[in-house]
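2 protein chains.
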Amino acid sequence: MSQDGVLMTPKMEQRRQKRREMVSVRSDKRYTEILRAGARVFREQGYANTSLLDVAEAVGISRSTLYYYIGTKEDLLAEILEAPLVDMTRGMQALAALDLPAAERLRQAILLQMRAFEEYFPEMFVFLAERLHIGRRTTVIRSNAREYGEALVGIIEAGQRTGEFRRDLDPQVAMLGILGMANWTHRWYQPAGRLTLTQIGEQFAAMILQGLVEDADGR
Amino acid sequence: MSQDGVLMTPKMEQRRQKRREMVSVRSDKRYTEILRAGARVFREQGYANTSLLDVAEAVGISRSTLYYYIGTKEDLLAEILEAPLVDMTRGMQALAALDLPAAERLRQAILLQMRAFEEYFPEMFVFLAERLHIGRRTTVIRSNAREYGEALVGIIEAGQRTGEFRRDLDPQVAMLGILGMANWTHRWYQPAGRLTLTQIGEQFAAMILQGLVEDADGR
Chain A
244 MSQDGVLMTP KMEQRRQKRR EMVSVRSDKR YTEILRAGAR VFREQGYANT SLLDVAEAVG
304 ISRSTLYYYI GTKEDLLAEI LEAPLVDMTR GMQALAALDL PAAERLRQAI LLQMRAFEEY
364 FPEMFVFLAE RLHIGRRTTV IRSNAREYGE ALVGIIEAGQ RTGEFRRDLD PQVAMLGILG
424 MANWTHRWYQ PAGRLTLTQI GEQFAAMILQ GLVEDADGR
Chain B
244 MSQDGVLMTP KMEQRRQKRR EMVSVRSDKR YTEILRAGAR VFREQGYANT SLLDVAEAVG
304 ISRSTLYYYI GTKEDLLAEI LEAPLVDMTR GMQALAALDL PAAERLRQAI LLQMRAFEEY
364 FPEMFVFLAE RLHIGRRTTV IRSNAREYGE ALVGIIEAGQ RTGEFRRDLD PQVAMLGILG
424 MANWTHRWYQ PAGRLTLTQI GEQFAAMILQ GLVEDADGR
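Sequence order for the protein chains is A and B.
Sequential numbering of the first sequence, starting at 244, is according to this note's numbering.
Sequential numbering of the second sequence, starting at 244, is according to this note's numbering.
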């Protein structure tokens, strides 16, 4: 039983899995249309108030045609965000490889994340709230999240190696702290508030960097 | 309809509200027993796998007697944590008032929170995951959360006033960043991991403080 109340036998699920694994589905023009319409409907109606039927209607296809492409509403959101999430990780990896001081790379890393939240508002926040990075059946999003964290840890470790960052902090804990600070904005950020997400990111970067950059006196 | 599937008419709900408002319910020995049994059953079975019926059985009372005291499973968790959450805020307010450097008060503030997570593990994390600080009908938990944040901001502002902390950071954003860093541990902390929550808190405090304490050279 999918979340939308459509009975799905293991065999049907298997058949869809197989179809979806074929490159053709993702290169299908209709698949792209569905993702675009889904993003629009989620923004207009809110994720909680949207059903897959609404999305099918927006595309102008039947419910059963939609189910050929997408299994559940959660899947749809995850697939809408898959490309942006993969882009974030590529951006992070590119940043990590730049020939810049570690502090500057880390600052840009924090801004990269906050700008993505801004660009894909509110979908990225719904994604975090719904824990879709944990529950996904496909491994793409999970492995992408792991690589993202690894690139961020890489910047911290590089800064520690060169002596730019203090060495008494655990790079993994520092990375998770930075991610937590950024990700928690999904609980409190108000688009009508005083500061944009990018401005909040600048503040976070300043706070974090003063914590990681080793001072001249070695404190 | 309560989440446990018991029909609750507005009149029944009203009557229960009224009874619960009487001081007698909370000073009732059975109420205390229910909270204690609830905490134990949540820990043993996991919050998601527990129903109010399990709690009634653990106390040795009927389901309907339990409903006299508690409306939903969410309410039970919130009421279990109400006293610890109020204690956290009182602790934070006491800390804020101490005659110590702001940096030391902020370090202790971060540790206070992480120790509470440790002491009430995993209930505090379930509470954060379920967003019970937002959805509560009673205002106690919400106003308590607000006061907690205010006390934390107070420490940051005091440090900025005395020149101990840099002044280019927004105290509200800094506070939310610190809370985010701490609260996000509910998504990644593993009790079997390398570090305890208190040790993670020490790392966070070190990272944050180096970011807030103004250096001698004014950087």
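Note that beta-carbon positions come from the ideal geometry of N, C-alpha and C, so glycine has one too.
None of these values were measured; they are calculated from a predicted model.
Compare the C-beta of A417 of chain A against all C-beta atoms of chain B and say whether one is closer than 9 Å.
-> yes
Taking DSSP as the reference, what is the three-state secondary structure of F364 of chain B?
-> coil
Roughly how many angstroms lie between the CA atoms of I399 of chain B and Q351 of chain B, to the nearest whole one?
-> 13 Å
From which residue to which residue does the alpha helix (DSSP H) around A435 of chain B run?
-> Here A435 of chain B belongs to no alpha helix (DSSP H), and DSSP marks it neither H nor E.
Terminal residues of the alpha helix (DSSP H) in which D318 of chain B lies = 316-339
Hey, would you say the C-beta of P327 of chain A is under 8 Å away from at least one heavy atom of the ligand PLP?
-> Among the ligands in the structure shown, none appear at all, so the ligand PLP cannot be discussed.
Between which two residues does the alpha helix (DSSP H) carrying P414 of chain B extend?
-> 414-426
T428 of chain A: buried (16+ other C-beta within 10 angstroms of its C-beta) or exposed?
-> Under this definition T428 of chain A is a buried residue.
First through last residue of the alpha helix (DSSP H) which encompasses A282 of chain B | 272-288
Extent of the continuous alpha helix (DSSP H) run through D342 of chain A = Careful: D342 of chain A lies outside any alpha helix (DSSP H) and carries neither H nor E.
Can you check whether the CB of T308 of chain B is closer than 9 Å to the CB of A301 of chain B?
-> no
Anything in chain A within Cβ reach of H428 of chain B, meaning under 8 Å, just list it in chain order.
-> According to the sequence displayed, residue 428 of chain B carries Thr and not His. Neighbours of T428 of chain B on chain A, chain order: L419, G423.
Output the distance between the C-alpha atoms of G334 of chain B and E347 of chain B, rounded to the nearest integer angstrom.
-> 14 Å
Among B:P327, B:L319, B:Y391, B:F364, which has the Cα closest to the Cα of I463 of chain B?
-> No answer is possible for residue 463 of chain B: it lies beyond the span of chain B, which begins at 244 and ends at 462.
Between the segment 411-420 of chain B and the segment 401-419 of chain A, are three or more C-beta pairs nearer than 8 Å?
-> no
Taking all protein chains shown into account, do 16 or more other C-beta atoms lie within 10 angstroms of the C-beta of R409 of chain A, making it buried, or fewer, making it exposed?
-> buried
List, in order along the chain, the chain A residues whose C-beta lies closer than 8 Å to that of L438 of chain B?
-> Proximity of chain A to L438 of chain B at the Cβ level (cut-off 8 Å) is accounted for by D413, V416, in chain order.
Going along chain A, which residues have a C-beta under 9 Å from Q446 of chain B?
-> D411, L412, D413, V416, A417, G420
How is T308 of chain B classed by DSSP in three states: helix, strand or coil?
-> helix
Candidates A:L320, A:V383, A:Y311: which alpha carbon is nearest Y290 of chain A's?
-> A:L320
Secondary structure of S294 of chain A, DSSP reduced to three states = coil
Ignore the nearest five residues each way along the sequence and tell me which others in G397 of chain A's own chain have a CB closer than 8 Å to its CB.
-> Excluding sequence neighbours, G397 of chain A sits near A339.
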